[in-house]
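Residue numbers (this note's numbering), protein chains in the order written: chain A, 10 to 156; chain B, 10 to 156.
Even glycine gets a Cβ: it sits at the ideal position worked out from N, Cα and C.
Bear in mind the structure is a predicted one, so any value in this text is a computation, not a measurement.
Number of protein chains: 2
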Amino acid sequence: MNAVSTSASVRPEDERASLSEVLRAHGVGPTHQRIEIARALFSRMTHLSADQVLAAVNQRHAETSKATVYNTLKLFVEKGLVREVIVDPTKVFYDPNTSPHHHFYDVETGEITDIDGDRISILGLPALPEGKMAAGVDLIIRVRSSA
Amino acid sequence: MNAVSTSASVRPEDERASLSEVLRAHGVGPTHQRIEIARALFSRMTHLSADQVLAAVNQRHAETSKATVYNTLKLFVEKGLVREVIVDPTKVFYDPNTSPHHHFYDVETGEITDIDGDRISILGLPALPEGKMAAGVDLIIRVRSSA
DNA sequence: GGCGAAATTAGACAGAGTCCAATTCTTATC
DNA sequence: GATAAGAATTGGACTCTGTCTAATTTCGCC
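Now the structure itself:
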């Protein structure tokens, strides 16, 4: 289950209010733009790149600048609202699913699919380097069409 | 053990000849530039970005263009001479170690360290998506200075 | 409503990587 | 060793993602 559930019966103003709550709960002051960006991510629950977020948010009429999208995504990552997924050398994806999980990455189509973290154990990891602490474990399985 | 061992006693012309052999063995026609790029990677055995390779190759006097470095690194990846390591959203690293292994990535310093693949088992991986085959498994442990 | 702080903005900028048409090199053949 | 055909290399313009900045707008609070 995730931070925001988006059932079909939620009235738009209630959705905005509940997104506002979620932002506040994570120490993020809610603004129009941040709420729209959060909605773009949480209502889709897929992995979006910054420019996909920009396009989604400005779909009807432009309201949010590129700078704000980048600022906000960075802020959301810091505050733990979304996770960065780095699998593609040309752009970063943002993942509204923050529970521990891993990814399939289709190198041909660019498609990213979640792998539930519960089912996976990684055995035999060596000790972390001296004076370091873990900041995240990303397991990425690259796949392509079978011949 | 790796494709090319570089002991201190190897004469430069022998090193070039043996790199030539390695390239041919992987279906890559040897040229001056490709040999120099291979040497930059294999003599260091560390993870280099494209522009670090460019700088290394042109250290004494410029001899190889940016386009060639990019073309060649892509070719080396296709032919299995080096592996791409995608951990940093701003640049790709190239890893001359092609045996199965994983990486520590220090998010503060950018340092990349190998984790021997022999010691690690990943349990519980789900079936690959329909019609897909694995193209690589990358486990990345992000680390930072402990508080 | 008004004020100070925080957020947003347009657009210039930076850096990694790509593309292209012209040139140069490799290699196979003689 | 010379030649010709194909392969590789080149500079430089270009694209794209992401950053920066100074000016403006909005937010939260009294």
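Rounded to the nearest whole angstrom, the CA to CA distance from Asp104/B to Arg43/A is 39 Å.
Within 10 angstroms of the beta-carbon of Asp147/A lie 16 or more other beta-carbons, which makes it buried.
Around the CB of Thr99/B, fewer than 16 other CB atoms lie within 10 Å, so the residue is classed as exposed. Between Gly119/B and chain A, the shortest Cβ-Cβ separation is not below 7 Å. For a Cβ distance threshold of 9 Å, residue set Phe113, Asp115, Val152, Arg153, Ser154 and Ser155 of chain B lies close to Lys141/A, ordered along the chain.
Taking a C-beta distance under 7 Å as the contact criterion, Ala49/A and Val62/A qualify as a contact pair.
At a C-beta separation below 7 Å, Thr122/A has these neighbours in chain B: Pro138.
If you look at Val152/A, you'll find it in the beta strand (DSSP E) that goes Lys141 to Ser154. Contact of Arg92/B with chain A is not assigned, every C-beta pair being separated by 7 Å or more. Residue nearest to His111/B within the set Glu117/B, Thr118/B and Ser130/B is Ser130/B (criterion: CA-CA distance).
When 9 Å is used as the limit between beta carbons, Gly89/B is near no residue of chain A, the shortest such separation being about 14 Å.
Counting the other CB atoms within 10 Å of its CB gives Glu117/B a total below 16, which places it among the exposed residues.
Closest in alpha carbon position to Gly126/A, among Val37/A, Thr107/A and Gly133/A, is Thr107/A. Below the 7 Å Cβ cutoff, chain B contributes Val116, Arg151, Val152 and Arg153 as neighbours of Ala144/A, in chain order.
Collapsing the DSSP output to three states places His110/A in a strand. At least 7 Å separates the CB of Leu63/B from every CB of chain A. Per DSSP, Lys100/A is not a residue of any alpha helix (DSSP H); the beta strand (DSSP E) it occupies stretches across Lys100 to Asp104.
At least one CB atom of chain B sits nearer than 7 Å to the CB of Val101/A.
DSSP places Leu50/A in the uninterrupted alpha helix (DSSP H) bounded by His41 to Arg53.
Around the CB of Lys141/A, 16 or more other CB atoms lie within 10 Å, so the residue is classed as buried. Burial state of Leu132/B is exposed, judged by a 10 Å Cβ sphere holding fewer than 16 other Cβ atoms. Per DSSP, reduced to three states, the secondary structure at Val96/B is strand.
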